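Novice: First to last, the protein sequences are chains X and L. Residue numbering for the first sequence follows the numbering used here, starting at 47 and increasing by one per position. Residue numbering for the second sequence follows the numbering used here, starting at 35 and increasing by one per position. Where is the CB? At the ideal position from N, CA and C, for every residue including glycine. Computed from a predicted structure; not experimentally measured. Before I ask anything, here is the structure I am working with.
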Amino acid sequence: MRNRLSSLKISAILTAAILVATATPAVAQGQAYKAPRTADGHPNLNGIWQAMNTANWDIRPHAAAMGPVPMLGAQFSTPGGLGVIDGDDLPYLPAAAAKQKENYANRVKLDPEVKCYLPGVPRATYMPFPFQIVQSAKTIMLVYEYAGGVRTVDMEKVTKAPADSWMGWSTGKWDGDTLVVDVTSLNDSTWFDRAGDFHSDALHVVERYTPRSADTLMYEATVEDPKTFSRPFKITMPLYRHVEKNAQLLEYKCPEFAEEVLYGPLRKKPNNN
Amino acid sequence: MTTSRCISIIVLAIALLAVDPASAQALAAAKATNTPAFTPPRTPDGVPDLQGVWTNASAVPLERPKGLGAKEFYTDEEAAQREKQSQDQAERAVGGRQTEPGTVADVHYDLGQYGLSRSQSKTAESKRTSLIVGPEGQVPPLLPEAQKRQAERAAANRGHQWDGPENRGLSERCILWPNEGPPMLPVGYNGNLQIAQGPGYVAIMQEMIHDVRIIPTDGRPHAPQSIRQWMGDSRGHWEGNTLVVDTTNFSNKTAFRGSSDKLHVIERFTRANDDTILYQFTVEDPTTWAKPWSAEILITKSAGPVFEYACQEGNYGMANILSGARATERKAAEEVAAKK
């Protein structure tokens with residue numbers, strides 16, 4: 047009896063070992079995970095997600111550095127990061143490279159984030175705020191906590207943008223378990239990060255959201271802008287689910303926070319009375 | 035029935051008894067109105083489907099015109115005549131105001147030029163004389179403490195209304211528009227909204243000013259009371275075919291028609307037919323009104339799409355208002371100096 051049990055145990059262990067051995071390479075390639083489905087049969091991406099990296103400071107690899115406002119000391123200085131782009135540097139055209147340096151030098155004045163402007167795509171994804179995916183068969187709403195930004199992805203048909211806008215025009219389709227979002231008609235006023243990395247109105251972004259485990263998605267954005275870059279480049283990062291039971295987006299209605307920056311000099315001064 | 039279920043029912047009963055009487059009254063008022071018998075389409079998750087692009091543009095005023103007394107509905111003839119008047123008026127507005135170029139009068143908005151005139155937008159037909167239901171048809175008078183609060187708010191701004199951005203209204207500051215609510219009230223133009231539903235959530239996006247209210251319907255409690263927001267904190271549940279949304283945690287600064295942070299809003303969304311959502315709300319605030327009040331708005335399907343309304347990004351008005359005020363002050367000071 048004891049022998050029989052042991053042999054059963056051994057065969058179970060062997061089976062498990064074989065399963066693990068065969069499954070491991072597939073997991074490494076991100077192929078083995080199959081996302082749970084919504085009631086209508088699509089991969090279920092619903093949830094509150096957030097990037098956990100320093101891309102909003104600089105999408106390129108960067109060491110830690112003192113922040114642009116020395117008075118804020120270590121509290122608002124820049125953490126280092128390995129970068130989220132393919133390669134070590136962005137393929138700027140010469141004039142664009144010069145403009146990026148100028149943007150960087152004047153970033154406190156010029157970064158649209160300082161003014162509470164909508165962040166554009168892909169920056170909205172990796173702002174240090176959560177965003178929520180509200181997914182139905184016809185429409186996927188991407189709702190960002192920062193500045194109440196929102197995009198609705200039309201899953202039924204490819205439509206034409208009525209005009210250029212800050213968050214662009216998004217149409218989507220499924221490629222296996224991956225949600226592919228084509229983003230066009232973005233205006234030229236948003237940046238990629240706080241380091242002055244920028245683009246023109248020729249920007250075209252193709253995003254891929256691929257479930258990689260119950261609580262992580264892989265995010266990939268192919269960025270193309272022939273007026274600014276010599277070739278397309280890719281941004282890649284995991285997104286993490288907020289697993290707290292009570293997780294919810296809160297308001298970040300930031301116009302109020304930017305009023306001093308934008309209108310301070312236009313205030314009535316006490317000595318004008 | 036198991037013992038544990040018995041206990042949980044008793045606990046629930048006690049919890050219901052403990053609800054403050056004003057809330058219970060408001061809830062009853064919200065429930066009392068008749069709900070349509072239409073069988074709505076369902077989402078794949080099995081709840082009523084409210085999704086799509088809608089507009090809450092309305093020709094009905096919030097409060098009943100004084101002369102109408104307790105008359106809650108127009109007759110068919112009266113309604114048709116009013117509709118025609120309103121259309122004629124709106125069409126004249128689309129034609130544009132004839133003003134002399136280069137004059138101050140020539141600086142104005144032609145809503146029709148941008149497709150924003152009400153005659154250019156679909157409006158649900160309604161015979162209501164006011165959005166507020168009931169014989170009174172008015173927002174109840176402010177309680178003395180609310181009048182005092184209102185007077186203090188006004189006094190703080192008197193003589194300072196052009197000093198800085200904080201002295202201007204919330205919509206001018208791109209913080210909050212009345213259509214966003216809750217309660218979501220019709221505004222003069224651009225009353226478009228889009229509803230999306232994921233499992234356990236209803237999301238309502240307003241074209242102006244692109245904020246999304248994400249309403250969990252999974253039975254979770256409200257956020258901690260210490261968190262106060264412009265649009266409050268919304269929780270929803272389904273009652274038959276109706277989405278019921280309870281919103282608390284308002285900021286004192288929201289000041290909805292003189293309210294305090296005790297503001298409590300209950301909304302009910304019911305599909306009346308393929309083309310219409312009956313939107314009902316009840317508002318209460320025991321520090322502001324002696325009793326709750328309720329209104330009804332018909333939200334109708336819109337062709338869409340919803341455009342991006344980038345308010346903050348295009349807010350030239352605020353800088354212009356403030357620099358205009360500073361220029362006026364400078365000019366006045368120069369005139370005083372010249373007289374000396």
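Quick check: what's the CA-CA separation for Y79 (chain X) versus L225 (chain X)?
Specialist: 15 angstroms
Novice: By the 10 Å Cβ neighbour count, where 16 or more other Cβ atoms means buried, how is S92 (chain L) classified, buried or exposed?
Specialist: buried
Novice: Anyone know if the C-beta pair for R169 (chain X) and T236 (chain X) falls short of 9 angstroms?
Specialist: yes
Novice: In this structure, does DSSP put K291 (chain X) in helix, strand or coil?
Specialist: It is coil, neither helix nor strand.
Novice: Look at the Cβ atom of E106 (chain L), then the Cβ atom of T163 (chain L), and state whether they are nearer than 9 angstroms.
Specialist: For E106 (chain L) and T163 (chain L), yes; Cβs fall inside 9 angstroms.
Novice: Of all the CB atoms in chain L, is at least one closer than 9 angstroms to the CB of Y255 (chain X)?
Specialist: no
Novice: Please report the distance separating the alpha-carbon of A104 (chain L) from that of E318 (chain L).
Specialist: Computed Cα separation, rounded: 22 angstroms.
Novice: Assuming R254 (chain L) and R269 (chain L) are in contact, meaning their beta carbons sit under 8 angstroms apart, how far apart are those beta carbons, in whole angstroms?
Specialist: 7 angstroms
Novice: Could you check what DSSP says for A189 (chain L) in three-state terms: helix, strand or coil?
Specialist: DSSP places A189 (chain L) in helix when its eight states are reduced to three.
Novice: Would you give the residue range spanned by the alpha helix (DSSP H) that G358 (chain L) belongs to?
Specialist: 350-373
Novice: Within 10 angstroms of the Cβ of F238 (chain X), are there 16 or more other Cβ atoms? Answer buried if so, exposed if not.
Specialist: buried
Novice: Given this structure, state the Cα-to-Cα distance separating G194 (chain X) from A143 (chain X), to the nearest angstrom.
Specialist: Spanning the two alpha carbons is a distance of roughly 31 angstroms.
Novice: Is the beta carbon of M218 (chain L) closer than 9 angstroms to that of Y313 (chain L)?
Specialist: yes
Novice: What separation, rounded to the nearest whole angstrom, lies between the Cα atoms of H142 (chain L) and A371 (chain L)?
Specialist: One C-alpha to the other measures close to 34 angstroms.
Novice: Just the C-alpha distance for E134 (chain L) and L145 (chain L), rounded to the nearest angstrom, thanks.
Specialist: Approximately 18 angstroms, taken between the alpha carbons.
Novice: Would DSSP call A62 (chain L) helix, strand or coil?
Specialist: Only weak support exists for where A62 (chain L) lies, its pLDDT of 45 falling under 50; the value from the coordinates is given anyway. Here A62 (chain L) sits in helix by DSSP.
Novice: At a CB distance below 7 angstroms, what residues from the stretch 132-159 of chain L approach chain X? Give them in sequence order.
Specialist: Listed by position, the residues of the stretch 132-159 of chain L near chain X (Cβ gap below 7 angstroms) amount to none.
Novice: What's the gap between the Cα of A56 (chain L) and the Cα of P320 (chain L)?
Specialist: Per-residue confidence for A56 (chain L) stands at a pLDDT of 44, beneath the threshold of 50, marking its modelled position as unreliable; no derived number is given.
Novice: Rounded to whole angstroms, what's the CA-CA distance from R207 (chain L) to D308 (chain L)? Just pull it up for me.
Specialist: 37 angstroms
Novice: Where does E111 (chain L) fall in DSSP's three states?
Specialist: Helix.
Novice: Write down the C-beta distance between R277 (chain X) and P158 (chain X) rounded to the nearest angstrom, noting that I regard them as a contact closer than 8 angstroms.
Specialist: Not really, about 25 angstroms apart at Cβ, beyond 8 angstroms.
Novice: With DSSP as the reference, label Q263 (chain L) as helix, strand or coil.
Specialist: strand
Novice: Can you pull the chain X neighbours of S357 (chain L), defined as C-beta to C-beta under 7 angstroms?
Specialist: L312, listed in chain order.
Novice: Whose C-alpha, out of X:I94, X:T256, X:Q181, is nearest the C-alpha of N292 (chain X)?
Specialist: X:I94
Novice: Near Q146 (chain X), which residues of its chain fall below 7 angstroms by C-beta distance, leaving aside the five closest residues on each side in sequence?
Specialist: Y138, G242, D243, F244
Novice: So if I threshold CB-CB distances at 8 angstroms, which residues from the stretch 200-214 of chain L count as touching chain X?
Specialist: E200, R207, C208, I209, L210
Novice: Less than 8 angstroms between the CB atoms is what I'm expecting for K127 (chain X) and N99 (chain X), so what's the real figure, rounded?
Specialist: This sequence places Gly at residue 127 (chain X); Lys is not what is there. The beta-carbon separation of G127 (chain X) and N99 (chain X), rounded to 6 angstroms, stays under the 8 angstroms limit for a contact.
Novice: If you measure from the beta carbon of R187 (chain L) to each beta carbon in chain X, is any gap under 9 angstroms?
Specialist: no
Novice: Listing by chain order, which chain X residues have their CB less than 9 angstroms from the CB of D197 (chain L)?
Specialist: R313, K314
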